[in-house]
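Numbering-wise (the UniProt record's numbering), the sequence shown opens with residue 1 and increments by one.
Ideal placement from N, C-alpha and C gives every residue a C-beta, glycine not left out.
Note that this is a predicted model, so its numbers are computed, not measured.
Report on the structure given below.
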Amino acid sequence: GVLKNREMIAVKRIVSSWMPGSQEQFQNEVYHLMMLKHPNIVRFLGYCYETRNEVKLCNGKRVFAEVAERLLCLEYLPKGSLDKYLSGTTFNMNALLLVPIADESSGLDWSTRYNIIEGICYGLCHLHEQIDKKIIHLDLKPPNILLDDRMVPKITDFGLSRLLDQQQTLYTESRHGTFGYMPPEIFHGGTVTPKSDIFSLGVIIMEVITGRRDYPDVTRESPDEYIELALTKWRVVLHRSTCDESLETYCKQIKRCIQVGLMCVHPDRTKRPPIMQVIDMLQGLKVIDCNIIDNATQQY
1 GVLKNREMIA
11 VKRIVSSWMP
21 GSQEQFQNEV
31 YHLMMLKHPN
41 IVRFLGYCYE
51 TRNEVKLCNG
61 KRVFAEVAER
71 LLCLEYLPKG
81 SLDKYLSGTT
91 FNMNALLLVP
101 IADESSGLDW
111 STRYNIIEGI
121 CYGLCHLHEQ
131 IDKKIIHLDL
141 KPPNILLDDR
151 MVPKITDFGL
161 SRLLDQQQTL
171 YTESRHGTFG
181 YMPPEIFHGG
191 TVTPKSDIFS
201 LGVIIMEVIT
211 GRRDYPDVTR
221 ESPDEYIELA
231 LTKWRVVLHR
241 STCDESLETY
251 CKQIKRCIQV
261 GLMCVHPDRT
271 KRPPIMQVID
281 MLQGLKVIDC
291 NIIDNATQQY
């Protein structure tokens, strides 16, 4: 859509299961989302809520039912979602090549990928640490990360999100999120905490680096083997377009990112780092505990 000031917006129709049922609950959820102001979170611009009566069939009888129509207005991001930039590039695990399948995907150089990883972390930090009521996203994945015209990532689609008070956790008997990005505790009716999002973040970090949603749990390699394989393949790619000075800097970043990603997908959520520590480790401000990574892979 287009606003009166000619700003383009995205309009999303909300299905009934996306947010609470009553108008008051819906408005409360949307109010909190509209208060989110961060460069790495999609801006919520407004909403529309109306009800109408429709004739429905129920047990063979015609009845009047109240139907709610809910729309959200969001900022429009022209580059689309992150997944389309990852699906076209993948590492061939049997060869030292980064294999481009689509020109669009192969255009993501390492600097862009690193900035995307950092931006996602900053957005998640805002949700977890920088607002009065922390928000757990519960469905963090590349399709829910949009990119603006400068390739800045913005987290979106808070359909499964939960507003929690400080130190609060949520017990769940249902499986929230998308398979492959969900932490193991979700499958066992465990508690939902910010560490649930951290697991999803770890999977995304691996996917941004390798083009594949895998880690030692899937590949059955040791952490050192996994890291070295990815580094070797990235060196091949970087040698084509990078000077020697930048090459070593980039390789250090890649190694740190993989190590942090492996910590984030630890099967024991208490061993996963909080988001502030993730950012510090990515930037080299905090030492990475490799023992946690080794112990994690032994538990897979």
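Exercise. Residues in its own chain within less than 7 angstroms of E54 by CB, not counting five upstream and five downstream?
Worked result: Take E54, set aside five residues on each side of it, and the residues of its chain with a beta-carbon closer than 7 angstroms to its own are A65, V67, in chain order.
Exercise. Which of helix, strand or coil does DSSP assign to M35?
Worked result: Looking at M35 - three-state DSSP - the assignment turns out to be coil, as it is neither helix nor strand.
Exercise. Expressed to the nearest angstrom, what Euclidean distance is found between the alpha-carbon atoms of P142 and D280?
Worked result: The alpha-carbon atoms of P142 and D280 are separated by roughly 22 angstroms.
Problem set entry | Residue of G189, K271, V265, R256 minimising C-alpha distance to K286 | Checking every option, the nearest Cα to that of K286 belongs to R256.
Problem set entry | Coarse secondary structure for K134, derived from DSSP in three states | K134 falls in the strand class under three-state DSSP.
Problem set entry | Span separating the alpha-carbon of E207 from that of R213 | Those two C-alpha atoms are separated by around 5 angstroms.
Exercise. When DSSP labels each residue in this structure, what does D289 get in the three-state scheme?
Worked result: DSSP, reduced to helix, strand and coil, places D289 outside both helices and strands of the structure shown, so it counts as coil.
For this session: Would you kindly check if the distance between the Cβ of Y47 and the Cβ of L71 is under 8 angstroms?
Result: Yes; because the gap between Cβ atoms is below 8 angstroms, this pair is in contact.
Problem set entry | Close-in-space but distant-in-sequence residues of the same chain around T112 (CB under 7 angstroms, 5 per side omitted) | Around T112: M151.
Exercise. I think L147 touches I204, with their Cβ atoms under 8 angstroms apart; what is that distance to the nearest whole Å?
Worked result: Under the criterion of beta carbons closer than 8 angstroms, L147 and I204 do not qualify as touching, at roughly 13 angstroms.
Problem set entry | First and last residue of the uninterrupted alpha helix (DSSP H) at G123 | From DSSP, the alpha helix (DSSP H) with G123 extends over 110 to 129.
For this session: Would you check if the distance between the CB atom of G211 and the CB atom of L82 is smaller than 8 angstroms?
Result: Not a contact, by the Cβ cut-off of 8 angstroms.
Exercise. Does the beta-carbon of R272 have 16 or more other beta-carbons within 10 angstroms, so that it is buried, or is it exposed?
Worked result: R272 comes out buried.
Exercise. If you draw a straight line from the C-alpha of I227 to the C-alpha of E221, how long is it?
Worked result: Note on geometry: alpha-carbon atoms of I227 and E221 lie some 9 angstroms from one another.
For this session: Output yes or no for whether 8 angstroms exceeds the beta carbon distance between C73 and V11.
Result: Result yes, Cβ atoms of C73 and V11 sit closer than 8 angstroms.
For this session: Could you please give me the residues that DSSP links to V67 through a beta bridge?
Result: Checking the DSSP bridge columns, you'll see V67 partnered with R52.
For this session: Go ahead and label K133 buried or exposed: buried means 16 or more other beta carbons lie within 10 angstroms of its beta carbon, across all protein chains shown.
Result: A residue is called buried once 16 or more other Cβ atoms fall within 10 Å of its Cβ, and K133, having fewer, is exposed.
For this session: Sort C251, I288, V236, E29 by Cα distance to G261 and report the nearest one.
Result: Closest option to G261, Cα to Cα, is I288.
Problem set entry | Cα-Cα separation, I120 to K154 | Going by the C-alpha atoms only, they are around 7 angstroms apart.
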